[in-house]
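The working numbering applies: residue 3 is where the sequence shown begins, and numbers increase by one. Data block below; observations after.
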Amino acid sequence: MNCEKIMSKLLEIDDYSHIPLKIKLHLLLCPKCRRESAILLHSLNSMKADAPYCAPSWIEKSIIAKIEEQNASGYSNISPFKWIASSSIIFASIILVNYSNTFIDINKEFGKSFSIPMAIVMGSAITSYLAILVGCNYEAMIKAINKYRHIILK
Ligand SMILES: [Zn+2]
């Protein structure tokens, strides 16, 4: 993303306590946008401090909760069923490939030297799948981790 897109995305954010990773990375690497975002945040904070009326926090929280409820499905365009189905196919194929005639014939021909490249291919498939899963559901995962932090950290 270029600087203009980053700044327009930054302006679209309602709650600056959580800035998306893509924008954070750009702000880390781009001094111009970092300076502009600092000025923007400073301006917003000073406007907030001088506001004639401040909504009670319970109203803000209930409005934000309703907005999050409406946008809850917007985290990922891919349904959980499809993620589970694709992971099941990957794991089933890893198990079933050991019983295929072609795999058995190739294993007989090349012996144990075939197992290592096969394991590398399977490991790459799992790693790619997990990287895409985390990349597509990053926001939801961070939210879930924060929600269940007290259980995870026990
Ligand atoms: Zn920039």
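Think of the CB as a built atom: it goes at the ideal place given N, C-alpha and C, for glycine as much as any other residue. Since this is a predicted model, take the numbers as computed values, not measurements.
With a threshold of 16 other CB atoms inside 10 Å of the CB of residue i, please say whether the residue is buried or exposed.
| i | result |
| --- | --- |
| Cys35 | buried |
| Ile8 | buried |
| Leu27 | exposed |
| Leu43 | exposed |
| Leu12 | buried |
With a cut-off of 8 Å on the beta carbons, I'd call residue i and residue j a contact; round off their distance for me.
| i | j | result |
| --- | --- | --- |
| Ser39 | Leu30 | Rounded, the Cβ-Cβ distance is 11 Å, inconsistent with contact. |
| Ser89 | Tyr131 | 7 Å |
| Ile154 | Ile147 | 7 Å |
| Tyr150 | Leu23 | Not really, about 20 Å apart at Cβ, beyond 8 Å. |
Please confirm whether residue i has its beta-carbon closer than 8 Å to some beta-carbon of chain D.
| i | result |
| --- | --- |
| Gly125 | This model lacks chain D altogether; it includes just one protein chain. |
When the Cα of residue i is compared with those of the options, which residue comes out closest?
| i | options | result |
| --- | --- | --- |
| Ile134 | Lys145, Ile108, Tyr150, Ile80 | Ile80 |
| Glu71 | Lys50, Arg151, Asn47, Lys145 | Lys145 |
| Tyr18 | Glu6, Lys50, Lys84 | Lys50 |
| Ile92 | Ser117, Lys68, Ser126 | Ser126 |
| Val123 | Lys68, Arg151, Val99, Ile41 | Val99 |
Could you pull out every residue in the same chain whose Cβ sits closer than 7 Å to the Cβ of residue i, ignoring the five residues on either side in sequence?
| i | result |
| --- | --- |
| Cys32 | Cys5 |
| Ile106 | none |
| Ile25 | Ile8, Lys11, Leu12 |
| Ile15 | Ile21 |
Go through its chain and collect everything with a Cβ distance to residue i's Cβ below 8 Å, but skip five positions before and after it.
| i | result |
| --- | --- |
| Val136 | Met143 |
| Ser117 | Asn109 |
| Ile66 | Asp16, Asp17 |
Would you say the beta carbon of residue i comes nearer than 7 Å to a heavy atom of ligand 2?
| i | result |
| --- | --- |
| Lys34 | Only ligand 1 can be found as ligands here, which leaves ligand 2 out of the picture. |
Please specify which runs of the alpha helix (DSSP H), each continuous and at least 4 residues long, are wholly inside the region 104-137, giving them in chain order.
none
Taking only runs of the alpha helix (DSSP H) that begin and end inside the region 35-99, which ones reach a length of at least 4 residues, in chain order?
59-73, 82-98
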